[in-house]
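A.B. asks:
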Amino acid sequence: MLVLGIETSCDETSAAVVKNGCKVLSNIVSSSLSFHSKYGGIIPEIAFRKQLETINEVVDCALAEAGVKKNDIGLISVTDGPGLMGSLLVGLGFAKALAYCLKKPIIGVNHLYGHMYAAFLDGVKIRMPFVSLIVSGGHTSLYSVRDFDRIKLLGGTRDDACGEAFDKVAKILGLGYPGGPIIEKTALKGDPSAVTFQCSRTDKPFDFSYSGIKTAVLYYSRKKLAGKRNFRRVADVCAAFQDTALNALVQKSLSACRHTKVKQLVVGGGVAANNVLRGKLIAMSKKNGIEVLFPKKEYCTDNAAMIASLGFQLYSRGYHSDEKLTVDLTRGEQ
Ligand code: KG4
Ligand code: ZN
Numbered sequence: 004m005l006v007l008g009i010e011t012s013c014d015e016t017s018a019a020v021v022k023n024g025c026k027v028l029s030n031i032v033s034s035s036l037s038f039h040s041k042y043g044g045i046i047p048e049i050a051f052r053k054q055l056e057t058i059n060e061v062v063d064c065a066l067a068e069a070g071v072k073k074n075d076i077g078l079i080s081v082t083d084g085p086g087l088m089g090s091l092l093v094g095l096g097f098a099k100a101l102a103y104c105l106k107k108p109i110i111g112v113n114h115l116y117g118h119m120y121a122a123f124l125d126g127v128k129i130r131m132p133f134v135s136l137i138v139s140g141g142h143t144s145l146y147s148v149r150d151f152d153r154i155k156l157l158g159g160t161r162d163d164a165c166g167e168a169f170d171k172v173a174k175i176l177g178l179g180y181p182g183g184p185i186i187e188k189t190a191l192k193g194d195p196s197a198v199t200f201q202c203s204r205t206d207k208p209f210d211f212s213y214s215g216i217k218t219a220v221l222y223y224s225r226k227k228l229a230g231k232r233n234f235r236r237v238a239d240v241c242a243a244f245q246d247t248a249l250n251a252l253v254q255k256s257l258s259a260c261r262h263t264k265v266k267q268l269v270v271g272g273g274v275a276a277n278n279v280l281r282g283k284l285i286a287m288s289k290k291n292g293i294e295v296l297f298p299k300k301e302y303c304t305d306n307a308a309m310i311a312s313l314g315f316q317l318y319s320r321g322y323h324s325d326e327k328l329t330v331d332l333t334r335g336e337q
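The number in the numbering used here is simply the position in the sequence shown, starting from 1, with 3 added.
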């Protein structure tokens with residue numbers, strides 16, 4: 004079955020055609036990032052206006068690249084939350100109109116669960132159960148996954164998400180937006196032991212907290228870097244912040260695997276593109292007999308291929324949506 008995926012939860016407008024939940028025939032991602040960069044974060048108003056302008060073309064492009072016609076599509080799978088309200092409505096409205104005109108079934112899927120699926124694209128065999136670490140600009144969560152419709156939240160961030168902390172620290176250090184890739188690059192020239200930062204403790208074992216470390220970087224930079232352009236010091240701060248922020252992800256993922264007695268960890272979300280995180284998780288997994296799976300780099304950040312594939316899996320299990328399908332901002336939080 005050919006599935007058309009549509010994803011518009013944040014600044015990206017993405018459409019993909021995927022065959023039987025694994026073979027990606029096309030995956031078009033159009034980002035409005037350059038329009039947000041000067042503000043140091045995503046401006047929802049700009050994001051959804053750009054999505055309205057581009058969605059038609061992005062879907063046409065995805066169909067053309069896959070070499071299929073609209074009528075060849077067997078299912079439309081669309082992100083219905085969580086994300087930015089206006090942005091989600093653009094994708095959802097478009098998908099519902101298309102499904103109605105073509106008389107095709109539609110299914111709304113959870114964006115975070117889509118990130119979970121990203122590691123299984125391009126033919127990687129799905130093995131259950133697993134623990135999933137979803138680490139992005141909006142979420143930092145651990146899940147116990149028995150099947151794609153049997154997912155339990157183990158814990159999440161109490162304040163900032165990990166990617167959000169990378170973005171805010173980059174802003175504090177004057178490095179630009181998005182912060183993740185630029186901090187990773189700058190940290191290569193720094194010494195993580197030159198400065199000591201800590202993540203705040205949390206009451207619950209699988210929760211995270213990143214606002215304390217972000218504030219610690221702010222105070223440190225005001226005191227030690229104030230106005231001075233000292234690249235070496237900035238690189239040290241990036242390396243120390245990155246190391247501590249990522250260690251919390253590794254340590255809590257390992258605890259979650261032990262707690263659930265599961266030997267497989269599946270990582271997803273924008274921060275999963277970080278090479279230092281990948282190295283740390285691989286080292287941890289070898290030491291503890293756990294298998295760790297990452298998506299290809301192009302599937303770490305928001306994309307419609309993961310949404311199309313998850314939609315296929317749920318539809319195969321008998322789920323579908325109807326014309327009442329609407330945005331659900333609380334998805335994945337329960
Ligand atoms: O999953 P995603 O594309 O969007 C959300 O659903 O949030 O993730 C974007 C986040 C941003 O906060 C960005 O700074 C972070 O992922 N990110 C990274 C890296 N690449 C992207 N964080 C750390 N290291 C990276 N290489
Ligand atoms: Zn995302």
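We treat Cβ as the ideally placed atom computed from N, Cα and C, and that holds for glycine.
Over what stretch of residues does the alpha helix (DSSP H) that includes Leu266 continue unbroken?
C.D. replies: The count along the sequence shown starts at 1 and reaches residue 266 at position 263. The question names Leu, but residue 266 in the sequence shown is Lys. That residue, Lys266, is in no alpha helix (DSSP H); it is neither H nor E in DSSP.
A.B. asks: Less than 8 Å between the C-beta atoms of Gly111 and Ser319, yes or no?
C.D. replies: Start at 1 with the first residue of the sequence shown, and residue 111 comes out as number 108. Start at 1 with the first residue of the sequence shown, and residue 319 comes out as number 316. Their beta carbons are not under 8 Å apart, which means Gly111 does not touch Ser319 by this criterion.
A.B. asks: Can you round the beta-carbon distance between Tyr1 and Met309 to whole angstroms, since I take them to be within the 8 Å contact cut?
C.D. replies: Outside the shown range of the chain, which is 4 to 337, sits residue 1, and nothing can be said about it.
A.B. asks: Output the boundary residues of the alpha helix (DSSP H) element that contains Ile175.
C.D. replies: Here residue 175 refers to the residue found at position 172 of the sequence shown. Unbroken alpha helix (DSSP H) run through Ile175: Cys165 to Ile175.
A.B. asks: Can you tell which of Gly159, Val20 and Ala238 has the C-alpha that lies nearest to the C-alpha of Val198?
C.D. replies: Here residue 198 refers to the residue found at position 195 of the sequence shown. Selected option, being the one with the closest Cα: Ala238.
A.B. asks: Taking the beta carbon of Leu191 as the centre, do at least 16 other beta carbons fall within 10 Å, making it buried, or is it exposed?
C.D. replies: The residue given as residue 191 occupies position 188 in the sequence shown. Flag for Leu191 reads exposed.
A.B. asks: Ignoring anything shorter than 4 residues or poking outside the region 83-158, list the alpha helix (DSSP H) runs there in chain order.
C.D. replies: Whole alpha helix (DSSP H) segments, 4+ residues: 88-105 and 114-120.
A.B. asks: Nearest-angstrom Cα distance between Gly2 and Cys104?
C.D. replies: It is not possible to answer for residue 2, since the shown part of the chain is limited to 4 through 337.
A.B. asks: Should Asp305 be counted as a contact of ligand 2 given a C-beta to heavy atom distance under 7 Å?
C.D. replies: By 1-based counting over the sequence shown, the position of residue 305 is 302. True, at least one ligand heavy atom lies under 7 Å from that Cβ.
A.B. asks: Determine the burial state of Thr329: buried for a count of at least 16 other Cβ atoms within 10 Å of its Cβ, exposed for fewer.
C.D. replies: Here the question's residue 329 lines up with position 326 in the sequence shown. Flag for Thr329 reads exposed.
A.B. asks: Taking DSSP's pairing of strands, which residues face Ala18 in a bridge?
C.D. replies: Residue mapping note: residue 18 aligns to position 15 of the sequence shown, counting from 1. Answer is Ile9 and Ile31, bridged to Ala18.
A.B. asks: For Thr160, which residues from the same chain have a beta carbon less than 8 Å from its beta carbon, with the 5 sequence-adjacent residues on both sides left out?
C.D. replies: Position 157 of the sequence shown, counted from the first residue, corresponds to residue 160. The answer, listed in chain order, is His142, Thr143, Ser144, Asp210, Phe211, Ser212 and Tyr213.
A.B. asks: From Ile58, Cys64 and Val134, pick the residue whose C-alpha is nearest to that of His262; which is it?
C.D. replies: For the purposes of this step, residue 262 is taken as residue 259 along the sequence shown, with counting starting at 1. Of Ile58, Cys64 and Val134, the residue nearest in Cα terms is Val134.
A.B. asks: Considering only the alpha carbon of each residue, which of Ser37, Ser288 and Asn59 lies closest to Ile49?
C.D. replies: For the purposes of this step, residue 49 is taken as the residue at position 46 of the sequence shown. Minimum Cα distance to Ile49 is reached at Ser37.
A.B. asks: Confirm the yes/no value for this check: CB of Ala102, any heavy atom of ligand 3, distance under 7 Å.
C.D. replies: Although ligand 3 was asked about, the structure shown includes only ligand 1 and ligand 2 as ligands.
A.B. asks: If you follow the beta strand (DSSP E) that Glu294 is in, where does it begin and where does it stop?
C.D. replies: By one-based count along the sequence shown, residue 294 stands at place 291. That run of the beta strand (DSSP E) goes Glu294 to Leu296.
A.B. asks: Let me check you understand the geometry: is the CB of Cys13 closer than 7 Å to at least one non-hydrogen atom of ligand 1?
C.D. replies: As a working mapping, residue 13 is identified with position 10 in the sequence shown. At least one heavy atom of ligand 1 is nearer than 7 Å to the Cβ of Cys13, so yes.
A.B. asks: Looking only at its chain, what residues have a beta carbon closer than 7 Å to the beta carbon of Phe200, apart from the 5 residues adjacent to it on each side?
C.D. replies: Along the sequence shown, read from residue 1 onward, the residue named residue 200 stands at position 197. Correct list, in chain order: Ile216, Ala219, Val220, Ala243, Phe244 and Thr247.
A.B. asks: Under 7 Å Cβ to Cβ from Ala275, same chain only, skipping five residues before and after it: list those, please.
C.D. replies: By one-based count along the sequence shown, residue 275 stands at place 272. Cβ neighbours of Ala275 beyond the five flanking positions: Val138, Phe297, Pro298 and Cys303.
A.B. asks: What span of residues does the alpha helix (DSSP H) with Glu60 cover, start to end?
C.D. replies: Sequence index remark: in the sequence shown, residue 60 carries index 57 (1-based). From DSSP, the alpha helix (DSSP H) with Glu60 extends over Pro47 to Ala69.
A.B. asks: DSSP state of Ser378, grouped into three classes?
C.D. replies: Outside the modelled stretch of the chain, which goes from 4 to 337, sits residue 378, for which no answer is possible.
A.B. asks: Alpha carbon to alpha carbon, how far is His118 from Asp125?
C.D. replies: Residue mapping note: residue 118 aligns to position 115 of the sequence shown, counting from 1. Residue mapping note: residue 125 aligns to position 122 of the sequence shown, counting from 1. Each residue's Cα considered, the two are about 14 Å apart.
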